[in-house]
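Undergrad: Protein chains in written order, with our numbering: chain A, 443 to 680; chain B, 443 to 680.
The structure follows.
Number of protein chains: 2
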Amino acid sequence: MRENKFLSIYDELVNQIQSGRMKPNTKLPSENELVEQYHTSRETIRKALNLLSQNGYIQKVKGKGSFVLDVSRYDFPVSGLVSFKEIAQKMGRPWKTIVNKLEEIQPDEYLQKQLHISSKDTVWKVIRSREMEHERIILDKDFFIKKVVPNLTTEICEGSIYEYLEHEAGLKISFAKKEITVDEPTEEDYCYLDLKDYKHVVVVKNYVYLEDMSLFQYTESRHRLDKFRFVDFARRGN
Amino acid sequence: MRENKFLSIYDELVNQIQSGRMKPNTKLPSENELVEQYHTSRETIRKALNLLSQNGYIQKVKGKGSFVLDVSRYDFPVSGLVSFKEIAQKMGRPWKTIVNKLEEIQPDEYLQKQLHISSKDTVWKVIRSREMEHERIILDKDFFIKKVVPNLTTEICEGSIYEYLEHEAGLKISFAKKEITVDEPTEEDYCYLDLKDYKHVVVVKNYVYLEDMSLFQYTESRHRLDKFRFVDFARRGN
DNA sequence: AAGTGGTCTAGACCACCGT
DNA sequence: CGGTGGTCTAGACCACTTG
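Structural data, given as structure tokens:
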């Protein structure tokens, strides 16, 4: 009983949908019925259902009811904060992370601006290549403020830095802004990516904020354009 | 008093933030204070604040309060369902829409699959170029099921089809899935875009669903890569 | 200890949908 | 008409932050 009530109801319903016990295009029990089933109040049920709706599991229709959506059609991660590790695992392909660089630097002007820091702050610079099917497809450049993340090792970088930060270091990520553009390759790109003849790379810039609203990480993910794919959901209301 | 109470409170707070009356990094009145100011209940205030949080205007911190975020840094539309018209207006640049084609077609196999229809259904095919600063930068290919959208004219297509569909035709869009990739240009791209020497285009595929969960529109937006930019928010919790 | 946001309750009225 | 989800209320308890 540690979990919030509305969250555990949400989890149970997600489970029923993903396992196939609730089939797509069928109607869920009405909110009042769920109130009885779970011995709770209607607002709590509504909180759980709104979460399901936001995450693409159900569709609520006024006057009719809530309906199970066909989850199997949305083959890709939905939420925005997705790490490379999660993506690679969902795609079920073998992949490898190569740590090219892990060093402490003094931020140049561009970085000072991106991270909102002064030139006196030290910054971790991590450069990693992501390899799939023997091709280095993605170049990840991460910059962390050292004040916030004192320790960083090659081992951590080979896994998922996000996982380490959230679970080990106990930092709470609250939101991220993502920006996608297309640029010409830099020297670094030519060096650390198998670029073939492509004259451009897809650049995904990530600004990650902590719960106290401080920006603590700036990431640039540079993708070979033929391998790039990004999927996003947008919903209006419920 | 037509609007929902929580929506009008949301609107007023958005206004205060965007106009600069509420400055970034300052604290909002506490929820209890807002309850008194707006003569309402706390859950209603919370609904408004959650909307503000979801849309990137504020950040709520347990035990401390709600804080105004620096909205000016997020210079681009945040929500996913954004029409070209909105984007162009926010960028404050002159733009033009050219309707290249507006015709009824029988869907080929690819389209039948994308729209989940049979070969017997008629489909509107609309091809529009988007021009900014005398360059055709974006090629929009829209496909609508004619059963759902019986009437479509060149005039409508020159404006915003979304606006027409939602306000005039009364269709309720519930959610959309977006997919971004990079492809080689097609003949159509060469014909309707000022492509310069670029050997690729950024392709944004949009699947738009109605409230009854039926897919009714498939759109392909093909962008010249040097002019492409996509911004997205992702938030955990709150 | 006081103030904050997060959760939860039990009840109410409304707009919408089907019959 | 009865059932559905959408909104709103007034009150309660909790976990967290700050003085």
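Just so it is clear, CB atoms sit at the ideal spot from N, CA and C, and this is done for glycine as well.
Can you list the residues of chain B that R670 of chain A reaches, using a CB-CB cut of under 8 Å?
TA: By one-based count along the first sequence, residue 670 of chain A stands at place 228. Before going on, a small fix: residue 670 of chain A reads as Phe here, not Arg. Those within 8 Å of F670 of chain A in chain B are I622, T623, V624.
Undergrad: Can you give me the C-alpha to C-alpha distance between F518 of chain A and K619 of chain B, rounded to a whole angstrom?
TA: By 1-based counting over the first sequence, the position of residue 518 of chain A is 76. By 1-based counting over the second sequence, the position of residue 619 of chain B is 177. With a pLDDT of 40 at F518 of chain A, under the threshold of 50, the modelled position of this residue cannot be trusted; read the value that follows with caution. The straight-line gap from Cα to Cα measures roughly 11 Å.
Undergrad: Just to confirm my understanding: we take W537 of chain B, look at its own chain, exclude 5 residues before and 5 after, and list those with CB closer than 7 Å. What are they?
TA: Counting from one through the second sequence, the residue named residue 537 of chain B turns up at place 95. Same-chain partners within the cutoff: A530, R572, E573, M574.
Undergrad: For T623 of chain B, name the three-state secondary structure that DSSP assigns.
TA: Position 181 of the second sequence, counting from 1, holds the residue named residue 623 of chain B. In the structure shown, T623 of chain B sits in a strand (DSSP, three-state: E or B).
Undergrad: For a quick check, are the C-beta atoms of V590 of chain B and F658 of chain B less than 8 Å apart?
TA: As a position in the second sequence, residue 590 of chain B is number 148, starting the count at 1. As a position in the second sequence, residue 658 of chain B is number 216, starting the count at 1. Yes, Cβ-Cβ distance for V590 of chain B and F658 of chain B is below 8 Å.
Undergrad: Going by alpha carbons, who is nearest to Y651 of chain B out of B:L544, B:L613, B:V624?
TA: Within the second sequence, numbered from 1, the residue matching residue 651 of chain B stands at position 209. For the residues B:L544, B:L613, B:V624, the minimum Cα distance to Y651 of chain B belongs to B:L613.
Undergrad: Does DSSP put F518 of chain A in a helix, a strand or coil?
TA: As a first step, residue 518 of chain A must be located in the first sequence, where it is residue number 76. Below a pLDDT of 50, predicted positions are generally treated as unreliable, and F518 of chain A, at 40, falls in that range; no measurement from the model is reported.
Undergrad: What residues match up with N648 of chain B in a beta bridge as DSSP calls it?
TA: Sequence index remark: in the second sequence, residue 648 of chain B carries index 206 (1-based). N648 of chain B is bridged to B:K620, B:T661.
Undergrad: What residues of chain A sit near L667 of chain B, judged by a beta carbon separation below 7 Å?
TA: For the purposes of this step, residue 667 of chain B is taken as residue 225 along the second sequence, with counting starting at 1. Chain A residues near L667 of chain B: V624, H642.
Undergrad: R570 of chain A to K647 of chain A, Cα distance in whole Å?
TA: Within the first sequence, residue 570 of chain A is the residue found at index 128, counting from 1. Within the first sequence, residue 647 of chain A is the residue found at index 205, counting from 1. The alpha-carbon atoms of R570 of chain A and K647 of chain A are separated by roughly 15 Å.
Undergrad: If you measure between the beta carbons of I587 of chain B and L607 of chain B, is that distance less than 8 Å?
TA: Counting from 1 along the second sequence, the entry for residue 587 of chain B is found at position 145. Counting from 1 along the second sequence, the entry for residue 607 of chain B is found at position 165. Not a contact, by the Cβ cut-off of 8 Å.
Undergrad: Report yes or no: do three or more beta-carbon pairs, one from the region 547-554 of chain A and one from the region 494-504 of chain A, lie closer than 8 Å?
TA: No contact exists between the region 547-554 of chain A and the region 494-504 of chain A.
Undergrad: Decide if the region 465-483 of chain B is in contact with the region 661-669 of chain A; the criterion is three or more beta carbon pairs, one per stretch, under 8 Å apart.
TA: Segments in contact, no.
Undergrad: CB-CB under 6 Å to E621 of chain B, same chain, minus the five flanking residues each way: which ones, in chain order?
TA: By one-based count along the second sequence, residue 621 of chain B stands at place 179. If we look at E621 of chain B and ignore the five residues flanking it on each side, its Cβ neighbours are K647.
Undergrad: Here's the rule I'm using: 16 or more other beta-carbon atoms within 10 Å means buried, otherwise exposed. How should T468 of chain A be labelled?
TA: The residue given as residue 468 of chain A occupies position 26 in the first sequence. With fewer than 16 other Cβ atoms within 10 Å, it is exposed.
Undergrad: Here's a check: name, in chain order, each residue in its chain whose Cβ is nearer than 7 Å to the Cβ of K502 of chain A, leaving out the five neighbours to either side.
TA: Here residue 502 of chain A corresponds to residue number 60 of the first sequence, with the count starting at 1. So the list reads L491, S495, S508, N680, once near-sequence residues are dropped.
Undergrad: Over what stretch of residues does the beta strand (DSSP E) that includes Q501 of chain A continue unbroken?
TA: Within the first sequence, residue 501 of chain A is the residue found at index 59, counting from 1. Counting along the chain, the beta strand (DSSP E) containing Q501 of chain A begins and ends at 500-503.
Undergrad: Since F670 of chain B and T623 of chain A should fall inside the 8 Å C-beta cutoff, what is the C-beta to C-beta distance between them, to a whole number of angstroms?
TA: Position 228 of the second sequence, counted from the first residue, corresponds to residue 670 of chain B. Position 181 of the first sequence, counted from the first residue, corresponds to residue 623 of chain A. About 6 Å; that satisfies the 8 Å criterion.
Undergrad: Please report the straight-line C-alpha distance between Y649 of chain A and T539 of chain A, rounded to a whole angstrom.
TA: The count along the first sequence starts at 1 and reaches residue 649 of chain A at position 207. The count along the first sequence starts at 1 and reaches residue 539 of chain A at position 97. Distance between the alpha carbons of Y649 of chain A and T539 of chain A is about 21 Å.
Undergrad: Near L493 of chain B, which residues of its chain fall below 6 Å by C-beta distance, leaving aside the five closest residues on each side in sequence?
TA: In the second sequence, residue 493 of chain B corresponds to position 51, counting from 1. Y452.
Undergrad: Measuring CA to CA, which of B:D625, B:R578, B:E626, B:D584 is closest to D636 of chain B?
TA: Locating residue 636 of chain B in the second sequence gives position 194, where the first residue counts as 1. Minimum Cα distance to D636 of chain B is reached at B:R578.
Undergrad: Among residues of its own chain, excluding the 5 on either side of L511 of chain A, which ones have a beta-carbon nearer than 7 Å to its beta-carbon?
TA: To locate residue 511 of chain A, count along the first sequence from 1; it is residue 69. Around L511 of chain A: P466, G498, Y499, I500, Q501.
Undergrad: Less than 8 Å between CB atoms is the rule here; does Q460 of chain B satisfy it with respect to chain A?
TA: Taking the first residue of the second sequence as 1, we reach residue 460 of chain B at position 18. No, its Cβ sits nowhere closer than 8 Å to a Cβ of chain A.
Undergrad: Per DSSP, which one or two residues make a beta bridge with I580 of chain B?
TA: Mapped onto the second sequence, residue 580 of chain B falls at position 138. According to DSSP, I580 of chain B bridges with B:R572, B:H665.
Undergrad: Measuring only the C-alpha atoms, how far is K562 of chain A from E630 of chain A?
TA: Your numbering for residue 562 of chain A matches position 120 in the first sequence. Your numbering for residue 630 of chain A matches position 188 in the first sequence. Roughly 25 Å separates the two Cα atoms.
Undergrad: Would you tell me roughly how many angstroms separate the C-alpha atoms of I487 of chain B and E597 of chain B, rounded to the nearest one?
TA: Within the second sequence, numbered from 1, the residue matching residue 487 of chain B stands at position 45. Within the second sequence, numbered from 1, the residue matching residue 597 of chain B stands at position 155. I487 of chain B and E597 of chain B: Cα-Cα distance of roughly 42 Å.
Undergrad: Would DSSP call T539 of chain A helix, strand or coil?
TA: Along the first sequence, read from residue 1 onward, the residue named residue 539 of chain A stands at position 97. Three-state DSSP puts T539 of chain A in a strand.
Undergrad: Please name the residue in B:Y634, B:F585, B:I559 whose C-alpha comes closest to that of H576 of chain B.
TA: As a first step, residue 576 of chain B must be located in the second sequence, where it is residue number 134. The option with the nearest alpha carbon to H576 of chain B is B:Y634.
Undergrad: Where does E478 of chain B fall in DSSP's three states?
TA: For this step, residue 478 of chain B is matched to residue 36 along the second sequence. Helix at E478 of chain B.
Undergrad: Provide the residue span of the beta strand (DSSP E) that contains S508 of chain A, from first to last.
TA: Counting from 1 along the first sequence, the entry for residue 508 of chain A is found at position 66. Unbroken beta strand (DSSP E) run through S508 of chain A: 507-510.
Undergrad: Should Y632 of chain B go down as buried or exposed, given a rule of 16 or more other Cβ atoms within 10 Å for buried?
TA: Position 190 of the second sequence, counting from 1, holds the residue named residue 632 of chain B. When all chains shown are included, Y632 of chain B counts as exposed.
Undergrad: Quick check: what's the CA-CA separation for L455 of chain B versus S483 of chain B?
TA: Counting from 1 along the second sequence, the entry for residue 455 of chain B is found at position 13. Counting from 1 along the second sequence, the entry for residue 483 of chain B is found at position 41. If I take the Cα positions, the gap works out to 17 Å.
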